[in-house]
Each structure stands twice: as C-alpha cells, then as structure tokens.
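Below is one structure, written out as structure tokens, with a few remarks after it.
In the working numbering, the protein residues as written are 14 to 483.
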C-alpha cells in the first residue's frame, strides 16, 4: 500500500519516479494564465490568516463546503475566519477522489511544513501553525511566488485597465518574476449581457475613441491592445459561453450594435454575429502583433439564479455547458487562416466530451510559426483533476503531438496554487512512465528528457517568447 503524499506520490512505476525526480520536479514554472491580483503582487501583500489566503476568493473550495450543507454565512458571509476554516476542515475528509483533497495537503506540506491530515480534529492545530507560518518573511505574495520558482505570471486584465500595477512591478528590478497583463475583452464582446452599453462608454473614455459604431469598438480595442503590448502583454484571453462563428456583413453588424446601444436587446443570432465580427478582428490583430490568443468555452454561467442574485458572479455557481462547438471552432480558425491571420492559439473547453474534437481540429491548423502553434489547453476548471488531466493528455497524445504541449497553468486566484503544477507533472510522468514500462514507448533517455522538461516548462517558455534556459 502506498502512503499518502510521500515523495513518490502518484508515481506508480520506477520509470515514472525517475522522470519526475530527474526532469520534472525542479523545473521552473510558467503560469501563463491566472487570476491573481497585480496590485497584491506589487504591494507584496501579507495575509492575516490561512482563511484569507485559502478561502478568500476560492470558488472551488466554496462549492465543496456548500456540498456539506454549510450555511452561506459560514462560507462567504460574515462568520469569523476560524469558523470558515473549520467548516472547510469538516468537509475535506469527505472529498475522497476530489483534487481539492490533494491540492490542500500538497499546499500544507510544501508551504507550511505540515505532514498530517486536515480534518475537524486537527483544524485548531493546523489553523495556528499556518497563521504563524504566514508571518515569516517568505510567505508574502512575492515570497510565495519566488519560493515556487515562478518565472512568468500572466494575469487577467480588462482592456480599460490602466495597468499601473504592472508598470510598477516592471520598474522594480529586484523582483525577478515577469508579470504580464493578459488582454480579456469579454465585456466588449458579450453584447447580449447586462452592462454592455455602460462598458462601451467606459471603453470610449479609456481609449479616447468616440464610439458610435462597431467599427469604433474595433478601433478602441486595437488601441487598448497596443497599450497592453507596451506593458509586456504576451497573451489574450476570451471567456465565451460557447464558441461562435456566424459571419455577417458590416451593415448587419452595425445595425445590431446600434440596436443595443439604443436600448434594444440582441437576439441570440444577432449576438453571435456581432461576437464573430469582433473576435475575427481581434484574432487578426493578435496575429499581426504576435500575441497568443486563448479561447475558453463550454461554460453555463451562474446556473443558480437565486444565489447569483444574492452573492454575485464567480462565486461557484457555474457548470459545464454541453453544446457541439466543432463547426464554430473550425469555422472561426479557418476564417483567420484563409487570410493568413491565424495567431498562435490555445483552445480550452470545460466539457471533457470535447477533447477529441479539439485535438482533431487543432491538427488541421498547425503552422510554422511555432511547434504546436494551435494548442489544446490544459485540463481546465472542472477537468482540473487526476481523471481530467489523464483523459486530456491521453487524447492529445493519441491525436496530436503531446511532446509539444505547453503544459499546466493555475487559472487561480490563490498565491498557494502553484502546487497544481507539481500535481500535473506527477500525473504526466506517471502516464509516460506507464507507456515506457509497458513497451509502448522506448526507454530513450534523451527523448524522454526532452518531452518531460518541455511539457513541464520549456515548451511554454518558448511559445510565449520567454527565456528557454531552465
């Protein structure tokens, strides 16, 4: 029987152990997509309690605690920090098979030196230990980043953001991690959602463009993209409920935009046409300026209306949207490729049923600009588990080139989430080790070294134009 979280955790063969400890374990981290705050990085935020850093904005944990029947007041409400931590500790032992159980104990071990098991009985001891550790010099925001060996962080930023915190971080040469803004123009794309008109007015102010038409929206977004690039932007990100590709004439798009700006509501078909026009324009801009485009889709947002109205968005009430995105994804990529304006692109779906679809589509649009120009992004959100990562990588391997995969990201709001890279690397090495030991791949040390180091770090470093030396 294996012991829990030992040095060979999740490594089930001698080859897997060799690959992880020799090549993956000490690789730096490129965290090219996350949601941590650049302001907190600049200010080198310190945390008053483990509750603040662990539960302050983590909807993964909130969902788990809710599933244990805990009142919302003791999750996101006004209960004291210890009560919230205790409710998490009470729920955790029931999370067998859930990656949250593994992530939690990896974080406790790596950052707080705790080798035990968190539950209701150990909660007082763990709470005290963690709070004491958080007072140590290297447990500030920057300290955690540095001790995690993170070379690059891609935050998620709105086009109207001034990027003042990124500018201040870049000016501080003593902080070696590169913190790059990522362009996230969802509010200018989602014409059917509440607040669209107000956002367009804010975009006009930020860009200096008097926005009266959809063409003006494109111009304003282009100017803001230039602002981001001037501040080190390497990637953009689009959160789309479902993939769209519904071409329309310029006149149709302008009529839809005018209708909404005058107080009307876009139909689903109209919204898809407007979104397609804006996304195609942006895709062309990304290609011209060598910026990576990321597309996230397959999400049903805020499924629980009552609690959304009470607590708000991004609080743990989203779920998988099952919809055939194949024609739209292929059509969108093809439209850009036809004009030689297809940028390096990373595609993510929240639906695990889309794995093979994505893997076959990306193989139709590869190019010479990069090895693996079009990527199937890491298992995302609800797929961010042992089962999800395993299925994702096996599908990618069987239908594409796993060796060119740009690997893991945290997609997190927590500074302690870098152990997810360790978790991913252990699963990767276990998969590859199994193939070697079963005779499905030769024990070719050089090839295996290149694959494991590449997926762990070097492929992403090269793909995003970072330093390739580990």
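By construction, the Cβ of each residue, glycine as well, lies at the ideal position given by its N, Cα and C atoms.
Practice problem: For residue 139, count neighbouring Cβ atoms within 10 angstroms of its own Cβ and tell me buried if that reaches 16, exposed if not. | Solution: With 16 or more other Cβ atoms within 10 Å, it is buried.
Practice problem: Keeping to the same chain, check which residues put their C-beta closer than 7 Å to that of residue 51; ignore five residues upstream and five downstream. | Solution: 168, 178, 179, 182, 192
Practice problem: Counting only the same chain and skipping the five closest in sequence on each side, list residues whose C-beta sits under 8 Å from that of residue 196. | Solution: 170, 172, 237, 238, 241, 246, 248, 249, 250, 304
Exercise. Using three-state DSSP, classify residue 291 as helix, strand or coil.
Key: helix
Practice problem: Mark residue 214 as exposed unless 16 or more other C-beta atoms lie within 10 angstroms of its C-beta, in which case mark it buried. | Solution: exposed
Quiz item: How far does the alpha helix (DSSP H) with residue 345 in it reach, from first residue to last?
Solution: 339 to 351
Quiz prompt | Three-state secondary structure assigned by DSSP to residue 248 | solution = Three-state DSSP puts residue 248 in a strand.
Self-check item: residue 159 to residue 395 span [Cα, whole Å]
Solution: Cα to Cα, residue 159 sits roughly 28 Å from residue 395.
Quiz item: Ends of the alpha helix (DSSP H) at residue 373?
Solution: Its alpha helix (DSSP H) spans residues 368 to 375.
Practice problem: Out of 387, 382, 367, 435, state which residue places its alpha-carbon closest to the alpha-carbon of residue 376. | Solution: 387
Self-check item: Sufficient close CB pairs (3 or more, under 8 Å) joining the stretch 201 to 212 to the stretch 281 to 291
Solution: yes
Quiz prompt | Range covered by the alpha helix (DSSP H) that runs through residue 310 | solution = In the DSSP annotation of this structure, residue 310 is not part of any alpha helix (DSSP H); the continuous beta strand (DSSP E) holding it starts and ends at 305 to 310.
Quiz item: So residue 329 packs on residue 79, CB below 8 Å; how close in whole Å?
Solution: 7 Å
Quiz prompt | the stretch 461 to 480 / the stretch 57 to 65 touching (three or more Cβ pairs under 8 Å) | solution = Taking a contact to require three or more Cβ pairs closer than 8 Å, the stretch 461 to 480 and the stretch 57 to 65 do not qualify as touching.
Exercise. With a cut-off of 8 Å on the beta carbons, I'd call residue 30 and residue 153 a contact; round off their distance for me.
Key: About 34 Å; that fails the 8 Å criterion.
Self-check item: Range covered by the beta strand (DSSP E) that runs through residue 193
Solution: In the DSSP assignment, residue 193 falls within the unbroken beta strand (DSSP E) covering 191 to 193.
Quiz item: Can you tell which of 74, 290, 85, 69 has the C-alpha that lies nearest to the C-alpha of residue 319?
Solution: 85
Self-check item: Segment contact, 8 Å Cβ cut-off, at least three pairs: the stretch 411 to 429 with the stretch 17 to 24
Solution: The stretch 411 to 429, when compared against the stretch 17 to 24, does not touch it at the 8 Å Cβ threshold.
Quiz item: Of the choices 122, 134, 155, whose alpha-carbon is the least far from that of residue 143?
Solution: 122
Quiz prompt | DSSP state of residue 14 mapped onto helix, strand, coil | solution = coil
Quiz item: What does DSSP give as the partner residues of residue 465 in its beta bridges?
Solution: Answer is none; residue 465 lacks a bridge partner.
Quiz item: Using the beta-carbon count (16 or more within 10 Å), is residue 351 buried or exposed?
Solution: exposed
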